[in-house]
Structure formats: structure tokens, C-alpha cells
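Asker: For the sequence shown, position 54 matches number 54 in our numbering, and the numbering has no gaps at all.
Where is the CB? At the ideal position from N, CA and C, for every residue including glycine.
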Amino acid sequence: MKERRFFMTEKKKSKYFHRIEDLPVVMLTEQSKSHMVAGQNVLISFIENPPGCVFPVHSHPSEQILILLEGEEDHICGEERFLMKPGDICIHPPNVMHGGETKTGFKGIDIFCPPREDHLEKLKKALKERGEE
Numbered sequence: 001m002k003e004r005r006f007f008m009t010e011k012k013k014s015k016y017f018h019r020i021e022d023l024p025v026v027m028l029t030e031q032s033k034s035h036m037v038a039g040q041n042v043l044i045s046f047i048e049n050p051p052g053c054v055f056p057v058h059s060h061p062s063e064q065i066l067i068l069l070e071g072e073e074d075h076i077c078g079e080e081r082f083l084m085k086p087g088d089i090c091i092h093p094p095n096v097m098h099g100g101e102t103k104t105g106f107k108g109i110d111i112f113c114p115p116r117e118d119h120l121e122k123l124k125k126a127l128k129e130r131g132e133e
């Protein structure tokens with residue numbers, strides 16, 4: 001049987017297919033920004049923190065997995081402190097304090113399950129500002 005491939009021939013909106021660069025930009029803090037997309041049970045945040053950015057120590061009821069892609073971050077999770085580098089992964093259990101500081105700046109992927117309510121609100125606001133709801 002021949003393999004069938006489907007390609008979008010025009011730049012159309014799709015409820016299934018997205019490009020990171022086309023996702024709305026959401027400001028997480030004054031310095032930290034993210035391109036976000038949410039499904040029914042998960043939220044993915046393509047986070048970018050500039051050099052010198054401090055992400056305050058905080059907690060939330062969602063489980064979070066951070067995958068560092070570029071740069072470095074001095075990270076704290078619970079009672080542990082470590083330097084995250086590209087390829088490193090940190091699993092943040094629900095309600096565990098965590099945060100970090102980057103001297104180099106970094107890019108990473110945050111996965112939240114279930115989606116963080118505060119992030120969903122910021123995402124809805126960003127979509128509304130773009131005329132998408």
C-alpha cells in the first residue's frame with residue numbers, strides 16, 4: 001500500500017497543526033516570554049528567558065517538566081539546586097517550590113499537566129488581542 005501524505009498548500013488556520021513562531025507570545029514575567037499552545041489536558045510553553053533573568057521561586061498544582069534546549073539556568077526544585085544545561089530535564093511535582101536564574105539566557109520547553117489556569121488566562125488574553133478566540 002502506498003503511503004499517503006497530506007500537506008497544507010496554503011497558510012490556513014488549523015485546529016491541529018501549528019508552528020511555534022505563529023503561536024501567541026505570552027509574557028510570564030517582565031523579562032520571561034513564551035509561545036504557548038494548549039490542549040484539553042496539557043499546556044506546552046516554549047519559554048525564552050534573556051541573560052540575567054530571574055524566574056521567582058513559586059509553586060502551582062500542575063506537574064511541570066522543563067526541558068532546556070539552549071543556554072544555562074541555575075535552577076532550584078524542592079531542596080535541590082543544580083545548573084541546567086542543554087539536554088537537561090527537570091520534573092517539578094505538583095506544589096513543589098521551584099525557580100531559577102540565568103546568566104546566559106535560555107530557551108526551553110515547559111510541559112504542564114493539567115494546564116496551569118493562570119497560563120491559560122494569559123493565553124486567552126493574548127489570543128483575544130490577536131483577534132482569535
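Is it right to say residue 25 is buried, meaning 16 or more other beta carbons lie within 10 angstroms of its own, or is it exposed?
Answerer: Per the 10 Å Cβ criterion, exposed.
Asker: Counting pairs of beta carbons, one from the region 108-116 and one from the region 56-64, are three or more of them closer than 8 angstroms?
Answerer: Contact between the region 108-116 and the region 56-64 is present, because at least three Cβ pairs lie under 8 angstroms.
Asker: So, under 8 angstroms CB-CB, residue 105 and residue 49 are touching, yes? Tell me the CB distance rounded to an integer number of Å.
Answerer: Residue 105 to residue 49, Cβ: 6 angstroms. Contact.
Asker: Classify residue 33 as helix, strand or coil using the three-state DSSP reduction.
Answerer: It is a strand residue.
Asker: Counting C-beta neighbours from all protein chains within 10 Å, is the total for residue 97 16 or more, i.e. buried, or is it exposed?
Answerer: Its Cβ having fewer than 16 others within 10 Å, residue 97 is exposed.
Asker: Under the DSSP definition of a beta bridge, which residues are partnered with residue 112?
Answerer: According to DSSP, residue 112 bridges with 43, 64.
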